[in-house]
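Structure first, then comments.
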Amino acid sequence: MTRTSIFDAVHYKASIRTEWRAAAPGWQAWLDVLEAEDGGQAVSRSLVQMAGIGPGNAVLDVAAGYGEPGLTAARAVAPGGRVVCTDISGEMLAVGRERAAAEGLGNVEFLEGDAEELALEEASFDAVLSRQGLQYLPDVAGALARLHSFLKPHGRLAAAVWGPPQAVQFAAPVPVIRAELKLLPPPAGMPGPFALADDVKLAALVEAAGFTDVETGTVTAIYQPGSPELATRWLRDVAPPITALVDDWPPEVQQRVWAKVTQAWAPYTTAEGRVRLENQAVWVVGTK
């Protein structure tokens with residue numbers, strides 16, 4: 007997203023769509039790192055378990071990207087269940103389709119669409135899931151109310167967002183980038199990776215949408231992209247909100263900034279020379 011002092015939701019969503027379209031090849035290339043058993047899969051498994059998903063259930067995955075936690079849910083709902091994965095980026099969903107086909111998962115539908123504008127049948131899903139998607143929505147309250155309407159009575163919502171920046175180690179280079187480029191912090195209330203890091207605020211939004219028995223907690227995703235140089239390449243490939251901070255600058259500035267980012271991985275580099283990043287996700291669950 008370009009630097010501006012006035013938030014324009016239409017421009018923002020167009021930027022998000024463009025950024026994630028460009029990131030789709032990177033997410034496919036780094037699948038083994040992103041979906042390691044103690045990485046993204048740890049979060050997906052937790053959400054599926056907390057939503058109480060089982061055989062025969064109908065599940066909606068909002069902002070599914072390349073199919074998570076939807077594909078994890080698809081394994082859990084077999085036999086007889088179905089999963090609908092939605093995302094604003096058709097390119098990310100295309101990667102999800104490839105993953106589903108490779109696993110022989112025929113019970114997953116992929117639907118391109120804005121989470122705030124989904125038009126699905128009311129009371130048609132047993133569970134709604136979202137992994138690292140809600141924080142990017144300009145109207146979280148409205149989206150949650152819409153998702154509530156899609157659930158059957160007693161259906162469950164289970165979502166995860168990133169915790170505070172100091173608990174998310176893949177974001178450690180962000181202050182370095184901002185310092186190098188003399189960028190101001192984003193205005194309060196803007197959508198972005200850490201917009202819902204406050205679990206109290208997150209729970210209040212879910213309750214206001216009509217959910218009951220709302221609970222929050224945390225789960226850790228560990229990413230191990232390799233050497234510091236590989237970690238920087240990984241970040242550039244899979245984190246559009248971070249790379250967008252750098253992309254508009256001249257090549258010589260970009261080169262300097264990314265060199266600083268590589269240096270910033272030092273505290274997270276093991277004796278074997280591999281970068282190991284622990285990242286806290288905040289989860290929330292609620293019942294219709």
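At position 18 of the sequence shown (counting the first as 1) the number is 24 in our numbering, and the numbers step up by one without a gap.
Beta carbons are placed, not taken as given, at the ideal position from N, Cα and C, and that holds for glycine.
Residue i to residue j, Cα distance in whole Å?
i    : j    : result
A178 : W264 : 13 Å
F13  : G110 : 43 Å
A147 : A57  : 20 Å
A296 : R242 : Residue 296 lies beyond the range of the chain shown here (7 to 294); nothing can be said about it.
A30  : E97  : 6 Å
E284 : A227 : 6 Å
G279 : L37  : 21 Å
I59  : A79  : 7 Å
A108 : R137 : 22 Å
K266 : D44  : 28 Å
Return the first residue and the last residue of the alpha helix (DSSP H) that residue i is part of.
i    : result
L53  : G46 to M56
E186 : P179 to L187
D38  : L37 to L40
For residue i, count neighbouring Cβ atoms within 10 angstroms of its own Cβ and tell me buried if that reaches 16, exposed if not.
i    : result
Q269 : exposed
A272 : exposed
M196 : exposed
A125 : exposed
Q175 : buried
R9   : Low per-residue confidence applies at R9: pLDDT is 42, beneath 50, and the placement is therefore not dependable, though the value from the model is reported in the following sentence. The residue is exposed, with fewer than 16 neighbouring Cβ atoms inside 10 Å.
A106 : buried
V259 : exposed
L190 : exposed
Please name the residue or residues paired with residue i in a DSSP beta bridge.
i    : result
G32  : Partner(s): none; G32 has no beta bridge.
N285 : V174 and A227
V220 : Paired residues: none, contrary to the question.
F131 : L157
L236 : Note: L236 sits in no beta bridge, so no partner.
G292 : L163
W271 : DSSP output for W271 lists no bridge partner at all.
What are the start and end residues of the beta strand (DSSP E) that includes residue i?
i    : result
S155 : No beta strand (DSSP E) contains S155, which is instead part of the alpha helix (DSSP H) from V146 to F156.
D67  : A64 to D67
D93  : R88 to D93
Reducing DSSP to helix, strand and coil, say where residue i ends up.
i    : result
S136 : strand
V16  : helix
P159 : strand
G112 : coil
V252 : coil
E74  : coil
D1   : With the chain represented from 7 up to 294, any question about residue 1 goes unanswered, as that position is not in the structure.
E118 : strand
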